[in-house]
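If you count the sequence shown from 1, position 121 lands on 121 in UniProt numbering, and the numbers rise without skipping.
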Amino acid sequence: MQLSVIIVSYNVRLYLEQCLCSVCRAIEGLEAEIIVVDNHSKDDSVAYLKPLFPDVQFIQSFHNQGFACANNIGIRQSRGEYVLLLNPDTIVGEDVLKDALAFMQQHPEAGSAGVCMLKADGKPALESRRGLPTPMTAFYKMTGLCRLFPNNNRLAHYYMGGIPWNDARQIEVVSGAFCLLRREALLQVGLLDEDYFMYGEDIELSYQLLHNGWQNWYLPLYILHYKGESTAKTSFRYVHVFYKAMLIFIRKHYSAASLIGMPLKFAIFFKALAAMFHQLISMILRAFNLSSKHQKDDSCYIFIGCEAMLDACRKLAINNGLKARFIEGNQTSMPSVSLEEACQRFYLVYDMEVFSYAYVLKDMVLRADERCSLGTYRRKTLITAEEIIYEGG
Numbered sequence: 001m002q003l004s005v006i007i008v009s010y011n012v013r014l015y016l017e018q019c020l021c022s023v024c025r026a027i028e029g030l031e032a033e034i035i036v037v038d039n040h041s042k043d044d045s046v047a048y049l050k051p052l053f054p055d056v057q058f059i060q061s062f063h064n065q066g067f068a069c070a071n072n073i074g075i076r077q078s079r080g081e082y083v084l085l086l087n088p089d090t091i092v093g094e095d096v097l098k099d100a101l102a103f104m105q106q107h108p109e110a111g112s113a114g115v116c117m118l119k120a121d122g123k124p125a126l127e128s129r130r131g132l133p134t135p136m137t138a139f140y141k142m143t144g145l146c147r148l149f150p151n152n153n154r155l156a157h158y159y160m161g162g163i164p165w166n167d168a169r170q171i172e173v174v175s176g177a178f179c180l181l182r183r184e185a186l187l188q189v190g191l192l193d194e195d196y197f198m199y200g201e202d203i204e205l206s207y208q209l210l211h212n213g214w215q216n217w218y219l220p221l222y223i224l225h226y227k228g229e230s231t232a233k234t235s236f237r238y239v240h241v242f243y244k245a246m247l248i249f250i251r252k253h254y255s256a257a258s259l260i261g262m263p264l265k266f267a268i269f270f271k272a273l274a275a276m277f278h279q280l281i282s283m284i285l286r287a288f289n290l291s292s293k294h295q296k297d298d299s300c301y302i303f304i305g306c307e308a309m310l311d312a313c314r315k316l317a318i319n320n321g322l323k324a325r326f327i328e329g330n331q332t333s334m335p336s337v338s339l340e341e342a343c344q345r346f347y348l349v350y351d352m353e354v355f356s357y358a359y360v361l362k363d364m365v366l367r368a369d370e371r372c373s374l375g376t377y378r379r380k381t382l383i384t385a386e387e388i389i390y391e392g393g
């Protein structure tokens, strides 16, 4: 067995379906297996997906054991020479896994590899390459200095600012959203540290790989990451869990952590306070129907695909009050798409029966525009980073 793909899922049924569809295309020609560990979802994910993906192994947990523990369950059941830890809110291009495996085979010193994770607007996510959160690096991250000076090697080390996006480079931390691991290296350093319930386990694993003489790499291969569809990044819970994980790492590996522990705790407190304020404002905006997420009149959906898809999407747009344009096209006859309308936001919705995932991701990279966001349509379902709309839903 060449590759084992491990996906931990929690209440993201339709995003997981899309992820599995892309992975199934990407493993064609490979000796591979897919293992989904469901962390006690309440949306009937397993019952819904099992008939659609009969070759996928589903493991159901009867309580939410956390990301690290669930991944370890999948890893113990896997047989591949390489293990890929993959988030369910991702789309993988058809060529990504083959190219990543080829790189690992050509670089026997590589213990893990990550890729260029794209946001829905086609721009790279900073989390694609990270540095270890030393006490000062963590402090720069939490105080926002790393974002204020994104190309400063010291202040922006958390996101490894200054590294080009188009070259394969050694990095310190590979994201757990897409983490390709050599089993030999994984067996040497041990499985994911279950002291981390969510977040931080990828940092710990990357640290252990480096500590044991392995290399961690960034590869310029594209995947889409909806960036935590199951977790709101501005929520109080996210702030608390994420930065608590950072403190756990610092306490484990830096004996002088107590010297900076108090400033870090203050930074966490203010981050949490800001998150609570953001949530309050969002609730008020939603209550008065002022949230941009719900202002569909200001968004335009541009559907691109075959005639049958366009007919179905016309009905979908009418039933859901969407402002929409419809363009017939495919990979060999892709028309030019103008974004000159007076809309605050555009969704380019691709027919995934006629477009490959690799084509769509590369097209979004070329367009990369904060006003333009990716949408996909398949099996009567429209998926964007913000919402899912389906026939009869």
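Where is the CB? At the ideal position from N, CA and C, for every residue including glycine.
(message) Below 8 Å on the Cβ atoms is my contact criterion, and I expect Gly122 with Val365 to pass it. Report the Cβ-Cβ distance as a whole number of Å.
(response) The residue labelled residue 122 in the question sits at position 122 within the sequence shown. The residue labelled residue 365 in the question sits at position 365 within the sequence shown. Contact flag correct, Cβ pair sits at about 5 Å.
(request) Return the chain-ordered list of same chain residues with a C-beta closer than 7 Å to the C-beta of Thr381, the five sequence neighbours on each side being excluded. (result) Looking up residue 381 in the sequence shown gives position 381. Leu14, Ile388 and Tyr390, listed in sequence order.
(request) Please name the residue or residues paired with His225 in a DSSP beta bridge. (result) In the sequence shown, the residue the question calls residue 225 occupies position 225. In DSSP, His225 forms a bridge with Thr90.
(request) Kindly list the residues whose CB is nearer than 6 Å to the CB of residue 438, restricted to its own chain and excluding five residues on each side of it in sequence; keep chain order. (result) Summary: the structure shown does not reach residue 438, with the chain confined to residues 1 through 393, and so no result is reported for it.
(message) Is it the case that the stretch 185-192 contacts the stretch 203-223, given that we only count it when at least three CB pairs across the two stretches are under 8 Å?
(response) yes
(request) Can you grab the Cα-Cα spacing for the pair Leu132 / Asn64, in whole Å? (result) Taking the first residue of the sequence shown as 1, we reach residue 132 at position 132. Taking the first residue of the sequence shown as 1, we reach residue 64 at position 64. Distance between the alpha carbons of Leu132 and Asn64 is about 27 Å.
(request) Given a cut-off of 7 Å, decide if Val83 and Leu221 are closer than it, judged by their beta-carbon atoms. (result) On the sequence shown, position 221 is the one that residue 221 refers to. On the sequence shown, position 83 is the one that residue 83 refers to. Going by C-beta atoms, Leu221 is not nearer than 7 Å to Val83.
(request) Counting only the same chain and skipping the five closest in sequence on each side, list residues whose C-beta sits under 7 Å from that of Leu145. (result) As a position in the sequence shown, residue 145 is number 145, starting the count at 1. Taken in chain order, the residues that qualify are Leu155.
(request) Indicate whether Ile91 and Ser22 have their beta-carbon atoms separated by less than 7 Å. (result) Numbered from 1 along the sequence shown, position 91 holds the residue referred to as residue 91. Numbered from 1 along the sequence shown, position 22 holds the residue referred to as residue 22. In contact: Ile91 and Ser22 (Cβ atoms closer than 7 Å).
(request) Measure the CB-CB distance between Tyr199 and Asp89 and report whether it falls below 7 Å. (result) Along the sequence shown, one-based indexing puts residue 199 at 199. Along the sequence shown, one-based indexing puts residue 89 at 89. Their beta carbons are not under 7 Å apart, which means Tyr199 does not touch Asp89 by this criterion.
(request) Could you please give the first and the last residue of the uninterrupted beta strand (DSSP E) stretch that includes Leu101? (result) As a first step, residue 101 must be located in the sequence shown, where it is residue number 101. Run containing Leu101: none in the beta strand (DSSP E); it sits in the alpha helix (DSSP H), Val96 to Gln106.
(request) In angstroms with no decimal places, state the Cα-to-Cα distance between Arg371 and Lys252. (result) Your numbering for residue 371 matches position 371 in the sequence shown. Your numbering for residue 252 matches position 252 in the sequence shown. Spanning the two alpha carbons is a distance of roughly 42 Å.
(request) Reducing DSSP to helix, strand and coil, say where Gln295 ends up. (result) Residue mapping note: residue 295 aligns to position 295 of the sequence shown, counting from 1. Because the pLDDT of Gln295 is 49, which lies under 50, any placement of that residue in the model is unreliable, and the question is left without a value.
(request) Rounded to whole angstroms, what's the CA-CA distance from Ser356 to Ile304? Just pull it up for me. (result) For the purposes of this step, residue 356 is taken as the residue at position 356 of the sequence shown. For the purposes of this step, residue 304 is taken as the residue at position 304 of the sequence shown. Going from the Cα of Ser356 to the Cα of Ile304 covers about 13 Å.
(message) For Tyr377 and Thr384, what's the separation of their Cα atoms in angstroms?
(response) Here residue 377 is taken as the residue at index 377 of the sequence shown, counted from 1. Here residue 384 is taken as the residue at index 384 of the sequence shown, counted from 1. If I take the Cα positions, the gap works out to 9 Å.
(request) Give me the Cα-Cα distance between Leu374 and Met1, rounded to the nearest whole angstrom. (result) Working through the sequence shown from its first residue, we reach residue 374 at position 374. Working through the sequence shown from its first residue, we reach residue 1 at position 1. Each residue's Cα considered, the two are about 34 Å apart.
(request) For Ser78, count neighbouring Cβ atoms within 10 angstroms of its own Cβ and tell me buried if that reaches 16, exposed if not. (result) Residue 78 sits at position 78 when you count from the first residue of the sequence shown. It is buried - the Cβ of Ser78 has at least 16 other Cβ atoms within 10 Å.
(message) Please report the distance separating the alpha-carbon of Lys141 from that of Asn39.
(response) Along the sequence shown, read from residue 1 onward, the residue named residue 141 stands at position 141. Along the sequence shown, read from residue 1 onward, the residue named residue 39 stands at position 39. If you take the alpha carbons of Lys141 and Asn39, they lie about 30 Å apart.
(request) Pull up the DSSP beta-bridge partners for Cys334, would you. (result) Against the sequence shown, residue 334 aligns to sequence position 334. As written in the sequence, residue 334 is Met, which differs from the Cys given in the question. Looking at the DSSP assignment, Met334 forms no beta bridge with any residue, so it has no partner.
(message) Assuming Thr137 is part of the alpha helix (DSSP H), what are its boundary residues?
(response) Your numbering for residue 137 matches position 137 in the sequence shown. Start and end: Pro135 to Met142.
(request) Between the Cα of Met352 and those of Arg367, Leu310 and Asn320, spot the shortest distance and give me the residue it belongs to. (result) For the purposes of this step, residue 352 is taken as the residue at position 352 of the sequence shown. Of the listed residues, the one whose Cα sits closest to Met352 is Leu310.
(request) Ignore the nearest five residues each way along the sequence and tell me which others in Ala358's own chain have a CB closer than 6 Å to its CB. (result) Counted from its first residue, the sequence shown places residue 358 at position 358. Cβ within range, chain order: Gly93, Glu94 and Asp95.
(request) Could you check which residue in Tyr301, Gln331, Glu127 and Gln105 has the C-alpha nearest to that of Cys343? (result) Translated into positions along the sequence shown, residue 343 becomes position 343. The option with the nearest alpha carbon to Cys343 is Tyr301.
(message) Tell me which residues share the same chain as Cys116 and place their Cβ nearer than 7 Å to its Cβ, disregarding the 5 neighbours each side in the sequence.
(response) Residue numbering aside, residue 116 sits at position 116 when the sequence shown is read from its first letter. Once the five neighbours on either side are set aside, the close Cβ partners of Cys116 are Pro124, Ser128, Trp165, Pro220, Leu221 and Tyr222.
(message) Whole angstroms are fine: how far does the CA of Ser45 sit from the CA of Val12?
(response) Within the sequence shown, residue 12 is the residue found at index 12, counting from 1. Within the sequence shown, residue 45 is the residue found at index 45, counting from 1. Cα to Cα, the separation comes out at about 7 Å.
(message) Measuring only the C-alpha atoms, how far is Leu192 from Leu85?
(response) Reading the sequence shown from its first residue, position 192 is the one you call residue 192. Reading the sequence shown from its first residue, position 85 is the one you call residue 85. One C-alpha to the other measures close to 11 Å.
(request) On the DSSP bridge assignment, give the partners of Gln344 in chain order. (result) One-based indexing of the sequence shown puts residue 344 at position 344. DSSP lists no partner for Gln344.
(message) In this structure, how does DSSP classify Glu201 when only helix, strand and coil are distinguished?
(response) Translated into positions along the sequence shown, residue 201 becomes position 201. Reduced to three states, the DSSP call for Glu201 is helix.
(request) Pick helix, strand or coil for Tyr15, following the three-state DSSP scheme. (result) By 1-based counting over the sequence shown, the position of residue 15 is 15. If DSSP states are grouped into helix, strand and coil, Tyr15 belongs with the helices.
(request) Grab the span of the beta strand (DSSP E) containing Tyr377 for me, first residue to last. (result) Taking the first residue of the sequence shown as position 1, residue 377 is located at position 377. Where Tyr377 is concerned, the enclosing beta strand (DSSP E) stretches over Cys372 to Arg378.
(message) Using the three-state DSSP reduction, which class does Asn212 fall into: helix, strand or coil?
(response) Residue numbering aside, residue 212 sits at position 212 when the sequence shown is read from its first letter. The answer is coil: DSSP assigns Asn212 none of H, G, I, E or B.
(message) Quick check on this structure: which residue in Phe62, Leu52 and Pro51 has the alpha carbon closest to the alpha carbon of Lys42?
(response) Sequence index remark: in the sequence shown, residue 42 carries index 42 (1-based). That would be Phe62, whose Cα lies nearest to the Cα of Lys42.
(request) Could you have a look at Arg154 and say whether DSSP puts it in helix, strand or coil? (result) As a working mapping, residue 154 is identified with position 154 in the sequence shown. Coil at Arg154, not helix or strand.
(message) Closest to Val354 by C-alpha separation, out of Gly329, Glu184 and Val337, would be which residue?
(response) For this step, residue 354 is matched to residue 354 along the sequence shown. Taking only the C-alpha atoms, the option nearest Val354 is Gly329.
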